[in-house]
Amino acid sequence: MDRSLPFLLLLVGACGRSDVLRLDTDCGDASDTSDTSDTSDTSDTGSDTSDTVDPTPSAPEDLPALLEALWLEFDGLEAPRAGVLATAMTDLLDEDALADPDAWLDGRQDRFTAAMQAVAELGPPPDDDGSWTLPDPAKATPLFVATRFPCTLDQLARILVDRDQDELFPGPDSYTRTWNGDGNAFLSGSTQSLDWQVRITTTMALLGTITRSLRGGIRRLPLPATPPAQAVGDSFLLTRSWLAWPAETSSEALTITQDHLVEAWLPWAGGDIVHLLGQWREEDGPLGSPEGGALAPLYVQQMKAVDEATADLCAAGTP
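What follows is the structure, given as structure tokens:
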């Protein structure tokens with residue numbers, strides 16, 4: 008699913024359990040703009056991500072560091088480093104809290120950086136008049152969600168790769184996904200990665216018509232020979248996507264400048280999937296900005312609702 012799609016699922020539900028992850032983060036953090044971490048400095052260009060990823064770095068010590076590593080190392084990730092990151096994910100998860108099928112967590116993470124922006128293929132829209140400039144990565148609101156739902160990894164892969172996402176998750180006016188590779192080869196296991204391009208248009212009350220052009224892809228990565236903690240199987244899935252250029256909107260009052268997502272999908276004991284999603288999004292419009300107010304929690308509820316819909320597809324064996 009292209010989870011940057013703003014379905015605006017106005018859900019009513021309890022706040023996520025703050026003990027799902029071992030973090031000093033309350034579920035209300037998604038709307039808390041008092042984050043004191045140093046996120047305003049975008050002058051650091053970071054390491055050169057064009058080189059082969061060094062498989063020896065130490066494991067991330069917290070969730071923001073893990074999400075940053077998953078984003079930056081997506082293209083070059085392989086064993087044993089993939090296993091290090093999967094193990095870090097299980098180390099940050101509380102198995103007892105995740106035993107509750109309704110357990111989930113949302114909150115703030117670290118800001119997007121110039122180094123993270125450099126790995127995305129950002130550019131001007133086709134009709135640019137020369138006014139487009141590279142967006143400020145620090146202006147993208149950083150959120151995360153962690154959930155657990157019943158599904159097998161093979162069935163989940165079929166859902167994530169399917170070109171007809173609008174049939175699986177109804178809502179868009181139009182949807183086109185083009186594989187840059189052989190999706191069937193990925194599903195059969197003969198290839199371990201697949202990229203795609205997406206063009207999606209949605210019309211919503213208050214916001215009007217929104218058209219996005221997205222770039223993304225999926226990787227199947229190896230787990231250690233002895234899977235960590237409650238993880239099972241021999242592999243996990245990693246997806247990454249981003250808004251290639253600012254969304255086209257029918258309302259001049261709405262701007263969506265950046266939207267970056269990275270998601271790890273780990274097979275869990277008992278036939279479940281543990282899903283960790285990191286999003287960095289810059290939006291301003293009639294509903295405000297995700298930096299404050301009700302918009303950020305709405306995003307989180309939307310992400311949780313998509314996972315619930317994914318669980319329904321898994322149960323039905325669709326596609």
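Take any residue in the sequence shown, note its place counting from 1, add 7, and you have its number in the numbering used here. All residues carry an ideal CB built from backbone N, CA and C; glycine is no exception.
Rounded C-alpha distance that separates V152 from K311 = Sequence index remark: in the sequence shown, residue 152 carries index 145 (1-based). Sequence index remark: in the sequence shown, residue 311 carries index 304 (1-based). Rounded to whole angstroms, V152 to K311 spans 8 Å at the Cα level.
For L214, collect the residues of the same chain with a Cβ closer than 6 Å to its Cβ; drop the 5 residues on either side in sequence, then sort them by chain order.
-> In the sequence shown, residue 214 corresponds to position 207, counting from 1. These residues qualify, in order along the chain: L261.
In the DSSP assignment, what residue or residues form a beta bridge with D238?
-> Numbered from its first residue, the sequence shown carries residue 238 at position 231. The sequence shown places Ala at residue 238, not Asp. Its beta-bridge partners are W275.
Looking only at C-alpha atoms, which of P67, A76 and S65 sits nearest to R247?
-> If you number the sequence shown from 1, residue 247 lands on position 240. The shortest C-alpha separation from R247 is found at A76.
Three-state secondary structure (DSSP) at T59?
-> For the purposes of this step, residue 59 is identified with residue 52 of the sequence shown, where counting begins at 1. With a pLDDT of only 44 at T59, under the threshold of 50, the placement of this residue in the model should not be trusted; the figure read from the coordinates follows. Note: T59 maps to coil in three-state DSSP.
Are H267 and T154 touching if we call contact CB-CB under 8 Å?
-> Mapped onto the sequence shown, residue 267 falls at position 260. Mapped onto the sequence shown, residue 154 falls at position 147. Cβ distance not < 8 Å, so H267 and T154 don't count as in contact.
Simplified DSSP state of F156, which is helix, strand or coil = On the sequence shown, position 149 is the one that residue 156 refers to. In this structure, F156 counts as strand in the three-state DSSP scheme.
Using 8 Å as the threshold, is the region 284-300 in touch with the region 90-97, meaning 3 or more CB pairs across them?
-> no
Whose C-beta lies closer than 6 Å to the C-beta of D241 among residues of the same chain, with five residues either side of it excluded?
-> The residue given as residue 241 occupies position 234 in the sequence shown. Only L230 meet the Cβ criterion.
How should P177 be labelled, buried or exposed, when 16 other C-beta atoms within 10 angstroms of its C-beta is the threshold for buried?
-> The residue you call residue 177 lines up with position 170 of the sequence shown. So P177 counts as exposed.
Helix, strand or coil at G188 according to DSSP, with G and I counted as helix | Along the sequence shown, read from residue 1 onward, the residue named residue 188 stands at position 181. The answer is coil: DSSP assigns G188 none of H, G, I, E or B.
W139 - partner residues in DSSP beta bridges = Locating residue 139 in the sequence shown gives position 132, where the first residue counts as 1. Beta-bridge pairing links W139 to no other residue.
Starting from the C-beta of D169, find all residues in its chain whose C-beta is less than 7 Å away, skip the five residues before and the five after it, and write them out in chain order.
-> Counting from one through the sequence shown, the residue named residue 169 turns up at place 162. L175 and P326.
Cutoff 8 Å; reference R288; Cβ partners in own chain excluding five residues on either side = Walking along the sequence shown from the start, residue 288 turns up at place 281. Closer than 8 Å at Cβ, skipping near neighbours: S11, A147, T148, L150, I263, Q265, D266, H267, P297 and Y306.
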